[in-house]
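For the sequence shown, the positions run 1 to 248 when the UniProt record's numbering is used. By construction, the Cβ of each residue, glycine as well, lies at the ideal position given by its N, Cα and C atoms. Since we're looking at a predicted model, the values are computed, not measured.
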Amino acid sequence: MIESERRYRELFESLKEGIYQSEPEVEGTFTFINKAGAEILGFDNPEEVIGTKVRDIYVDSANRRLLCEKLEKEGMLRDFTSLFKRKNGETFYAERTSTLVRDERGKPVAIRGVLRDITERKKAELDIIESEKRYRLLLNSLKEGIFQCEPGKDGVFKWINQAGAEILGYSSPGEVVGSRLADIYVNPDDRKELLEKLEEVEVWRDFTAYCKRKNGEKFISETTCNLVRDENGKPLRIEGVFRDITER
């Protein structure tokens, strides 16, 4: 029994993830934590953590209450993310998988879980979101229409910027997405010619065609677009830039 306990303790101490156990209440204290967990929280050893309130590591203590409420209903919670603070006050993003332990009468007796620091991953995700936001603002500030559509004959719009929507006679991109690009051509053969050319060269510049706006008004468009393929060479989408050159 003692040997078995020693092996389990050595296993817990060798893990890079934090392993912990706490009382089940919102105000509950840590009753066990391994060395990795203590270090994630900014402490030198588990003994400094055991007996402290779990709630105190949350930047927003309401998240502790939310965790306890969800565990009461579901019994287990995976990948629950919260903003935590270390012993020195430094904040970090933590992801936990937690289980509510009950006794034979169904009474909650403990919360056990795995804790990891996902700050770098979270920062990368936030950077991507911020980058996408910047690019979206940039694309929507352009006077040319920018679009993505499916590579098939119908060419359903997957994305279009504000200028593109307005060139086509719509108030917003949301009115265009999901509609067929093929429907804007006055002559359907122009769409067919474009697809055939893209299959050959993948990028076609300054393709001119008669198109029509939402209200049926005709205009001359000039488009430069490219065919995007996946790693197996299968067409994924068509991306392009178009402008109204009717006056020109």
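- When the alpha-carbon of K87 is set against those of T81, D56, R64, the nearest one is in D56.
- The Cβ-Cβ distance between F207 and T246 does not fall below 7 Å.
- For R112, the pairing in a beta bridge is given by DSSP as Q21, T99.
- In this model, I118 and L83 are separated by some 10 Å (Cα to Cα).
- Between V49 and A62, the C-beta spacing is not below 7 Å.
- When C-beta atoms of the region 162-180 are compared with those of the region 196-207, fewer than three pairs fall below 8 Å, so the two segments do not count as touching.
- By the beta-carbon neighbour count (other beta carbons within 10 angstroms, threshold 16), S22 is buried.
- At a cut-off of 4 residues, the continuous stretches assigned as alpha helix (DSSP H) that sit fully inside the region 26-59 are 35-40.
- Annotation for T119: the continuous alpha helix (DSSP H) segment containing it runs 119-141.
- Short of 7 Å from the beta carbon of A36, and not among the five residues preceding or following it, lie these beta carbons of its own chain, in chain order: L15, K16, E17, G18.
- Excluding five sequence positions before and after K212, the CB atoms of its chain that fall closer than 7 Å to its own CB belong to I184, V186, K218, given in chain order.
- At least 7 Å separates the beta-carbon of F80 from that of R102.
- Contact between E202 and L227 holds: their C-beta atoms lie close to 5 Å from each other, under 8 Å.
- When only Cα atoms are considered, A110 and Y93 end up about 23 Å apart.
- Only residues of its own chain outside the window of five on either side were considered, and among them K158, W159, R237, E239 have a CB closer than 6 Å to the CB of Q148, listed in chain order.
- The Cβ atoms of R243 and E130 lie no closer than 7 Å to each other.
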